[in-house]
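One line per chain: the protein sequences are A and B, in this order. Once you know that position 23 of the first sequence is 26 in the working numbering, the rest is easy, because the numbers rise by one and skip nothing. Once you know that position 37 of the second sequence is 593 in the working numbering, the rest is easy, because the numbers rise by one and skip nothing.
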Amino acid sequence: MNTVRNALRLAAMYAIAAATTSHALYARAGDHAWRLDNAAYRQECGSCHVPYPPALLDAASWRAVMGGLERHFGTDASLEPAARSEVLAFLERNAGRKRTSAEGGPLLRVSETPWFVKEHREEVPAATLRRPDVKSFANCGACHAAADQGDYSERGIRVPGGRQR
Amino acid sequence: MRTLALSLALAATALPVAAADTPNVLLDAYAAEARKENPAFAGASAERGRAFFTTAHGKEWSCATCHTAAPAAGGKHTVTGKAIAPLAPAANPERFASAYKAEKWFRRNCTDVLGRECTAQEKGDVLAWLLAAR
């Protein structure tokens with residue numbers, strides 16, 4: 004297919020998506036809520052999982068993730084070059100400043116970062132993770148009701164099967 | 557912001573093209589391509605599409621693993637658990653309204669399910685079945 008035509012179509016779709024969803028994108032930064040105000044990112048990375056907050060990985064991690072989309076945690080998540088560049092630029096602009104690496108290599112999973120592990124290890128027991136309505140730490144929305152809007156505030160948490168405290 | 561302004565400017569040029577995509581236009585395009593691939597091709601088949609969609613093809617997943625065998629109902633991503641909106645255009649008018657999106661998802665998901673891209677006939681058959689689903 005014609006690359007220029009594809010790039011134009013892509014731009015049109017993002018513009019429409021931005022115009023129709025921007026009202027819902029505001030979330031308070033700093034209070035476990037993040038802004039996800041990029042239509043390309045939301046559309047391309049928010050279909051199979053919620054669009055994860057870019058600040059949860061550093062720029063090196065995001066570059067590594069975006070460099071391997073053809074084999075993205077067991078599935079093909081490849082993007083057209085124009086979409087890939089736009090998403091990567093958004094991730095780099097909003098990446099976390101704290102390094103997310105282990106054994107010399109960048110971490111690829113948010114759920115393996117020390118911060119994530121500390122926040123979730125005790126509150127989410129293995130039995131909760133095994134529930135069919137939870138399945139994996141990738142399913143943020145199972146407990147964080149407004150995760151797709153970048154809102155992870157305490158108020159919005161409801162753990163299926165009850166909270167462990 | 558510069559990106560958004562650029563997108564809006566481009567949108568004005570690209571909209572007429574994008575607006576022309578409908579499920580039936582796509583179906584015709586896949587059928588025309590299938591005829592080129594195979595001169596004996598006699599039109600897309602919803603029944604072939606159903607069988608293709610609901611069976612595994614040598615790998616772990618079928619299309620129905622995530623989308624279910626009832627495409628007018630929603631599905632769920634088998635790894636992440638995220639809800640997937642219905643695939644049948646009758647239930648979800650956003651489906652197959654963009655050739656770009658349809659091609660992107662066929663490319664990705666056929667790789668996951670078959671280990672290769674789908675042929676035009678396979679895509680046409682699946683779309684014919686999805687179009688018939690209520």
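Quick reminder that beta carbons are idealized off the backbone N, C-alpha and C, glycines included.
So Arg664 (chain B) contacts chain A; which residues on that side make the cut at Cβ distance below 8 angstroms? Here the neighbours are Thr78, Asp79, Ala80, Ser81.
Is there at least one Cβ from chain B nearer than 8 angstroms to Ala149 (chain A)'s Cβ? Chain B contact via Cβ: absent.
How many Å lie between Pro627 (chain B) and Ile640 (chain B) at the Cα? Cα-Cα distance, rounded: 10 angstroms.
Is the separation between the beta-carbon of Ala590 (chain B) and that of Ala676 (chain B) shorter than 8 angstroms? Going by C-beta atoms, Ala590 (chain B) is nearer than 8 angstroms to Ala676 (chain B).
Cβ neighbour criterion (16 or more within 10 Å) applied to Trp118 (chain A): With fewer than 16 other Cβ atoms within 10 Å, it is exposed.
Can you name the residues of chain B whose CB is closer than 8 angstroms to the CB of His52 (chain A)? Result: His633, Thr636, Lys638.
Where does Lys632 (chain B) fall in DSSP's three states? In the structure shown, Lys632 (chain B) sits in a strand (DSSP, three-state: E or B).
Quick check on the DSSP output: what are the complete alpha helix (DSSP H) runs of length 4 or more inside the segment 611-679 of chain B, in order along the chain? Qualifying alpha helix (DSSP H) stretches, in chain order: 619-623, 655-670.
Near Leu62 (chain A), what residues of its chain come up, given a Cβ to Cβ distance below 6 angstroms and the 5 sequence neighbours on each side ignored? According to the sequence as given, residue 62 (chain A) is Ala; it is not Leu. Glu95, Ala98, listed in sequence order.
For Val669 (chain B), which residues of its own chain have a beta-carbon under 7 angstroms away from its beta-carbon, when the five flanking residues on both sides are left out? Cβ neighbours of Val669 (chain B) beyond the five flanking positions: His613, Lys615, Trp617, Ser618, Cys619.
Test: Asp584 (chain B) CB closer than 8 angstroms to a CB of chain A: No, Asp584 (chain B) does not count as interfacial toward chain A.
According to DSSP, is Thr78 (chain A) helix, strand or coil? In the structure shown, Thr78 (chain A) sits in a strand (DSSP, three-state: E or B).
Tell me which residues of the segment 653-682 of chain B have at least one Cβ-Cβ distance to chain A shorter than 9 angstroms, keeping chain order. Flagged, chain order: Ser654, Ala655, Tyr656, Lys657, Glu659, Lys660, Trp661, Arg663, Arg664, Asn665, Cys666, Thr667, Asp668.
For Ala653 (chain B), which of B:Thr621, B:Thr610, B:Ala596, B:Leu687 has the nearest alpha-carbon? Here the closest residue by C-alpha is B:Leu687.
Tell me, please, whether the CB atom of Ser88 (chain A) is closer than 8 angstroms to any CB atom in chain B? So no, Ser88 (chain A) is outside the interface.
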